[in-house]
Structures are given as structure tokens and as C-alpha cells.
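Presented below is the structure to which this report refers.
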Amino acid sequence: EEARRIHIELDPRLPPPQSCQLRDVFASEAAEWIGRRVLVQGWVHNIRFESKKLAFLDLRDGTGFLQCVLTDKLCMTVEAITLFREASVRLWGTLREDARAKGGLELHADYWCIIGPSHRDIEMILTHESNPDVLLTHRHLVIRGRHTSSVLKMRSIITQCFREHYFDRGYVELAPPTIVNTMCEGGSTLFPLDYFGEQAYLTQSSQMYLETAIPAVGDCFCILPSYRAEKSSTRRHLAEFHHLEAEMPFITFAQLLQAIEELVCDVYARVIHRGGELFRELNPNAAPPKRPFKRMDYADAIEFCRQHRIYKDEESRTPFEFGDDIPEAPERRMTDMIGEPILLCRFPIYLKSFYMQPCADDPDLTESVDLLMPGVGEIVGGSMRMWDHDELVKAYEREKMDASAYYWYTDQRKFGSCPHGGYGLGLERFCCYMLGVAHVRDVCLYPRYRGRLTP
Ligand code: 4AD
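Residue 287 in the UniProt record's numbering is what sits at position 219 of the sequence shown, and the numbering runs on without skipping anything.
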């Protein structure tokens with residue numbers, strides 16, 4: 069009743085406000101802003117009433133947070149007492165110093181209004197007890213939270229740092245198509261697609277297109293989605309992930325390993341620098357990876373597992389044999405036991421993709437590498453590429469592939485072939501590693517994995 073009668077108005081006699089984003093306020097010394105009248109707008113992150121005549125409103129505008137104080141009439145209007153979290157609002161007021169407020173500044177409002185109201189349902193949708201599935205269904209709201217929005221911002225910074233790493237070294241960024249009619253990493257994880265009546269797929273990797281581009285632009289890279297119809301949902305597998313891939317002509321296998329180590333360490337340092345406070349808040353225990361990375365052959369990994377009672381199958385305690393694929397769980401156990409980055413090299417030919425260059429000293433092994441990081445496991449996969457024309461044709465036959473679809477890939481070996489190699493890094497896995505996040509889906513805006521297609 070009383071509220072219905074209370075009306076507030078903007079006072080035209082006050083000094084004109086400076087319109088600003090919250091990042092501007094916290095980018096410079098607090099002292100510079102004390103006493104200034106500003107106009108800010110954003111969303112109500114939180115609102116709490118201390119009394120009938122005093123309310124604290126946490127404003128969020130995507131660039132930062134600001135505590136705003138509403139006093140007297142300002143918190144007694146109908147709008148104030150029916151204000152729900154996540155409403156968008158505009159506030160006019162003066163910035164004052166306050167040691168208790170985060171950032172040392174507080175806005176004392178002299179007027180405010182609602183731009184877009186919210187609804188009381190907001191309190192019911194998300195609670196601390198919400199299970200992960202409910203949270204994922206409402207991810208469009210969850211992302212507004214402090215933690216999730218920080219993770220998304222850090223992912224943006226990490227992506228920027230990767231680009232800077234490449235541009236500093238003269239790489240050219242390319243954009244190969246993601247709708248393809250070839251496979252790169254085996255038929256079992258291909259997503260089929262009807263392409264105007266033709267059989268097509270969502271790409272598993274842009275590698276082969278990057279290979280064709282090295283005679284055109286030299287060192288190149290791309291950051292694009294890749295797709296895998298992964299049947300199992302683990303904490304590191306997505307159906308759609310961002311794949312950072314690079315390809316380099318005239319390199320050796322040793323140089324390839326060096327490039328991967330350099331990439332991870334340089335980007336790590338850049339992220340610490342650019343991420344600053346945001347990064348430290350998310351992962352206070354972060355420590356740069358130890359260099360040089362440990363180089364380990366696949367054969368030695370099998371031996372390590374045998375010696376340290378890491379089994380192929382925990383239940384039956386079946387030991388690993390040379391030639392076995394090392395699945396995710398034992399691979400992680402080994403990596404965590406060793407406790408430092410491992411460049412795992414020289415996998416048997418039949419465990420890896422058709423395009424990998426055999427080792428000169430042992431044709432049953434390939435010049436291949438996986439980078440394993442403690443806590444996450446594999447984050448990079450790479451290799452030298454088969455560059456001899458006839459050898460590649462034989463590999464198509466061995467894998468029962470239709471060579472005609474790969475004519476352009478074969479042509480690269482026909483017109484000026486050269487030794488070359490490259491790698492692919494899973495951006496989400498790298499983000500998990502850097503930010504100390506356990507599950508790849510938590511670093512995606514809207515993750516895609518088996519059983520999840522919304523939002
Ligand atoms: O080891 P992969 O399958 O290698 C390739 O696709 C090569 N063609 C890349 C290249 O040489 N250009 O994948 C490379 C990386 C993995 O190490 C992993 O980090 C990520 O891509 N990755 C996935 N990330 C999330 N979900 C999945 N289902 C992934 N599959 C691969």
C-alpha cells in the first residue's frame with residue numbers, strides 16, 4: 069500500500085552523470101572515481117534488504133561487478149520491493165570509497181529504474197542442490213554466474229593467446245570447411261550428414277586440408293570445431309570440440325616435438341600474463357609446466373604400466389602387452405604417477421591413422437606423438453605425415469579406403485611432396501588443464517555430447 073504511493077524522480081539539478089562500463093571503473097585507481105556521478109547499467113546479480121530503508125544491489129554488466137546502495141525512498145518503491153534477481157536495471161549515483169566493497173568502491177544511487185524485469189521463478193530454477201543435468205538444461209542462466217562467466221572469459225583469453233603465439237611466428241590462419249566427404253581419424257566416430265543428396269560428414273580434423281595448404285602459405289593453423297560421434301561420455305570427450313591444428317613443411321620429428329612443447333609453454337605464460345587476477349582467482353594453484361617435457365616411447369609406456377601394476381583391465385588384472393591401445397583410465401594413472409608432461413612417441417602403425425609416417429628405423433612404428441598432461445591426460449595428438457605417393461596409396465588399400473575421394477590429398481604427394489608434420493590440440497582439454505576444471509563440458513558455452521542437444 070505504502071509502496072504504491074512512493075514515487076521517485078531523477079533530479080535534474082545534480083551534475084550530469086558519466087556513462088560507463090564497470091570495467092572502466094576498476095581499470096584505474098579507485099581514487100580517480102571517488103565522488104564522480106555515473107550512470108551504469110546491467111543485471112541484478114543479487115539484492116539484499118538490510119532494512120526497509122536500506123538495500124544492497126550487486127550489479128553485473130558482463131565486464132565487472134559493482135555494489136550499489138539504495139537508501140530511503142529508492143528501496144521503497146513498488147519496483148524495488150518486487151525486484152527479482154537478473155532484472156536489467158539502470159542506476160544513477162555517486163561513487164564512494166568503501167573498504168568493505170570489492171574493488172574498494174560503492175555506488176550510492178540517487179535514482180534507478182528497471183529496463184527489463186525478471187521473474188520470481190529465477191529463485192526456483194537454480195539452487196545449490198540442482199543436479200548437473202538440471203544445471204546443463206539451464207546453462208543459459210548458469211553462465212551468468214560468477215564462476216561460469218569467468219571460465220568463459222578465460223577461454224576467450226586462452227584462444228587469443230594461441231592466436232598470438234602463431235601470429236608472432238608468422239603462421240597463417242586458415243578456415244578449411246567442416247562439411248567434408250572424407251575421414252581422417254577412423255570411421256567409427258564419423259557423423260554422417262545428408263548433403264543435398266550426397267553422403268557427407270562433419271569433419272573430425274582439418275589436418276588434411278592444412279597439409280594441402282603448406283605449399284601455398286607455409287606454416288599454417290586453424291581453430292575450428294571438429295566432431296566425433298563418441299559413444300561414451302567421459303569427462304574429456306565431446307561430440308563437438310574446438311580443434312586447434314597446425315601444419316609445418318620441412319620439419320623433422322624432433323622439431324615437431326619441440327614445436328608442441330614450445331606451444332604449450334609459451335601459451336601458458338601468455339595466459340598468466342593476460343589472465344591476471346581473473347586467472348589467479350580461478351586456479352590459485354596453477355604452476356607452469358616443467359621443461360623440457362619428458363619424451364617417452366610407446367614401448368616404454370607399456371613397460372611402465374607392467375612394472376607399476378597399471379592394468380589393461382583392472383578387474384581381471386590383465387597386464388598390458390606391446391600393441392595394446394592404452395585407454396583413458398590407465399593412461400591417466402600413468403600420467404598422474406609420473407606427474408609431469410609426457411610426449412608419448414612412436415605408436416605402432418595399426419593403432420594410429422592411415423596417414424602417419426613410419427619410423428625410418430622400424431616400419432611397424434610411426435612418427436607419432438600424444439602429449440599427456442597430469443590431471444587431464446591427452447591434450448595433443450600429432451605426427452609426421454606420410455609423404456611418399458606410393459606408400460600413401462598402399463595405406464589407402466590397407467585401410468580399405470576409397471582413394472578417389474582423397475584425390476586432392478594424394479595430389480599433394482604427386483606435385484612437389486615434402487616431409488611435413490603437425491598436430492591437433494583440444495581447446496577444451498587445454499582449458500581444463502590451465503583452469504583446473506575437471507570436466508570438458510564445463511569450459512563450453514553449450515556443450516555437445518551424447519544425450520545433450522539443448523540449449
Ligand atoms: O588425437 P586426435 O584424434 O588427432 C587428430 O585429429 C589429428 N588429425 C590432429 C592433427 O594432427 N592435426 O585429436 C587431437 C586432439 C586430442 O589430443 C584431444 O585433445 C582433442 O583433439 N580431441 C577431443 N577433445 C574433446 N572431445 C573429443 N571427442 C576429442 N577428440 C579429440
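All C-beta atoms, glycine included, are put in the ideal place defined by N, C-alpha and C.
Buried or exposed (CB count within 10 angstroms, at least 16 for buried), residue i
i, result
"Y517", "buried"
"I226", "buried"
"D236", "exposed"
"S384", "exposed"
"V335", "buried"
"M192", "exposed"
"F388", "buried"
"E382", "exposed"
"E118", "exposed"
"S294", "buried"
"I183", "exposed"
"I370", "buried"
"F318", "exposed"
beta-carbon residue i near ligand 1 non-hydrogen atom, thresh 7 angstroms
i, result
"E496", "yes"
"H233", "no"
"F501", "What sits at residue 501 in the sequence shown is Tyr, not Phe. No."
"R304", "yes"
"V508", "yes"
"Y491", "yes"
"I182", "no"
"G450", "yes"
"Q272", "yes"
"C333", "no"
"I447", "yes"
"residue 29", "For residue 29 there is no data in the structure shown, the boundaries of the chain being 69 and 523."
"H488", "no"
"C512", "no"
"H311", "yes"
Pairwise C-alpha distance: residue j and residue i
i, j, result
"K120", "G492", "58 angstroms"
"M316", "R188", "56 angstroms"
"V448", "Q375", "26 angstroms"
"D166", "L127", "16 angstroms"
"Q267", "C252", "16 angstroms"
"P185", "T302", "39 angstroms"
"K380", "A355", "31 angstroms"
"E349", "I394", "35 angstroms"
"R212", "N353", "25 angstroms"
"I149", "Y179", "15 angstroms"
"D392", "Y269", "29 angstroms"
"S274", "R377", "38 angstroms"
"residue 532", "D129", "Here the chain has residues from 69 to 523 only, and residue 532 is not among them."
"C290", "D92", "33 angstroms"
"A397", "F498", "18 angstroms"
"D438", "R481", "25 angstroms"
"K141", "G171", "27 angstroms"
"Y234", "E241", "8 angstroms"
"L440", "F321", "17 angstroms"
Distance between beta carbons of residue j and residue i, contact taken as under 8 angstroms
i, j, result
"L204", "R466", "Contact flag wrong, Cβ pair sits at about 42 angstroms."
"R104", "T162", "7 angstroms"
"A123", "L138", "4 angstroms"
"Y477", "T257", "The Cβ separation is near 19 angstroms, so there is no contact."
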